[in-house]
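Structure first, then comments.
This is the structure:
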């Protein structure tokens, strides 16, 4: 988990929203519990599958738990709207997307591991990975090629992400850091830790 000192240091760092506006990272969780998901990069097929499953949560379940979701990528903010279209099944006022192109917040919270390794041999793949590695990668590339101006703006492809439950204030009740490219925590486990009913 992230320490209070780490969160306080990260809180004043600026993020970009889907319109290119800057906001303080701390604004995401100052007054409300927030599930913060750091994806690898905006073209990662595995992360797209993860966010697609994550965003099937009922808006009412989030409201009942007093919780919102913030999804952060390390690419350029101009890719956010396209990413939302690829991953969100319906309108979710409590699910917001941001970009940290300098990866300053990633580093502040200890997300410093870079790797292209997949699930280690002998370990089961996570349930959110409904597509095989080759199919998922090809699908991600195909989507990226539909927007050639976005190519190269997706973020560092070796960056690993993680999940935190932050707030209110500079508190962290849960934290998980990816150890390889297919290592987001299972969606059901994340919502259970946040006290959110799922599915």
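In the working numbering, the protein residues as written are 163 to 361. No residue lacks a Cβ here, since even glycine has one placed at the ideal position from N, Cα and C.
Simplified DSSP state of residue i, which is helix, strand or coil
| i | result |
| --- | --- |
| residue 363 | Nothing in the structure corresponds to residue 363, since the chain is present only between 163 and 361. |
| residue 241 | helix |
| residue 341 | coil |
| residue 191 | coil |
| residue 260 | strand |
| residue 357 | coil |
| residue 208 | helix |
| residue 268 | helix |
| residue 349 | helix |
| residue 185 | strand |
| residue 229 | strand |
| residue 277 | coil |
| residue 285 | coil |
| residue 234 | strand |
| residue 169 | helix |
| residue 291 | coil |
| residue 218 | coil |
Nearest neighbour of residue i, chosen from the options [CA to CA]
| i | options | result |
| --- | --- | --- |
| residue 172 | 183, 180, 190 | 190 |
| residue 143 | 227, 248, 204 | The requested residue 143 is not part of the displayed model; the chain covers only 163 to 361. |
| residue 261 | 179, 224, 219, 169 | 179 |
| residue 203 | 220, 168, 247, 320 | 320 |
| residue 247 | 169, 210, 340, 274 | 210 |
| residue 242 | 254, 346, 258 | 258 |
| residue 345 | 207, 188, 256 | 207 |
| residue 256 | 221, 337, 170 | 221 |
| residue 264 | 285, 254, 244, 238 | 238 |
| residue 290 | 170, 347, 187 | 347 |
| residue 188 | 240, 318, 245, 271 | 271 |
| residue 254 | 231, 287, 212, 285 | 231 |
| residue 277 | 213, 223, 318 | 318 |
| residue 213 | 245, 183, 223 | 245 |
Short CB-CB distance (under 7 Å) between residue i and chain D
| i | result |
| --- | --- |
| residue 172 | Protein chain content of the structure displayed is limited to a single chain, and chain D is not contained in it. |
CB contact flag (residue i, residue j, <7 Å)
| i | j | result |
| --- | --- | --- |
| residue 195 | residue 229 | yes |
| residue 200 | residue 316 | no |
| residue 215 | residue 358 | no |
| residue 233 | residue 175 | no |
| residue 164 | residue 353 | no |
| residue 332 | residue 166 | yes |
| residue 292 | residue 250 | no |
| residue 185 | residue 177 | yes |
| residue 342 | residue 240 | no |
Supposed close pair residue i, residue j - CB separation, criterion 8 Å
| i | j | result |
| --- | --- | --- |
| residue 323 | residue 273 | 6 Å |
| residue 339 | residue 275 | 7 Å |
| residue 219 | residue 360 | 5 Å |
| residue 356 | residue 193 | So it is not a contact: roughly 16 Å between Cβ atoms. |
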